[in-house]
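Some notes on the structure that comes next.
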Amino acid sequence: MAASALDGICVVRTNLPVDAIDAEEAAEAYKNLFKVERGFRHMKTDLRVRPIHVRTGEHVRGHVFLC
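Using this note's numbering, the final residue of the sequence shown is 1543, and nothing's skipped along the way.
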C-alpha cells in the first residue's frame, strides 16, 4: 500500500475494556489530549513551576497555589 493512501489515518489504542467506550469516544478523547498538554505547558512555563516532590493532589494544588 502506498504511503499516501494512509495520509490522514490515525490508530488510537486504549487499554480500556471493549465495552467501556466506543471508537468515537476514544478518538474524541485523543483529540482533547492537547488541552491537557497545553495546560501542563502553561503551568510549567508561565507559572514557572519547577519540579515538585509532592504526591497527593491536595499537596500539588497547595504548592501551585503558593507559587
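Positions of the beta carbon are idealized from the N, C-alpha and C atoms, including for glycine.
- If you look at HIS1539, you'll find it in the alpha helix (DSSP H) that goes 1533–1542.
- The alpha-carbon separation between PRO1493 and GLY1533 amounts to approximately 27 Å.
- Between ALA1502 and VAL1488, the C-beta gap is smaller than 9 Å, which places the two residues in contact.
- At a cut-off of 4 residues, the continuous stretches assigned as alpha helix (DSSP H) that sit fully inside the segment 1483–1521 are 1499–1507, 1509–1521.
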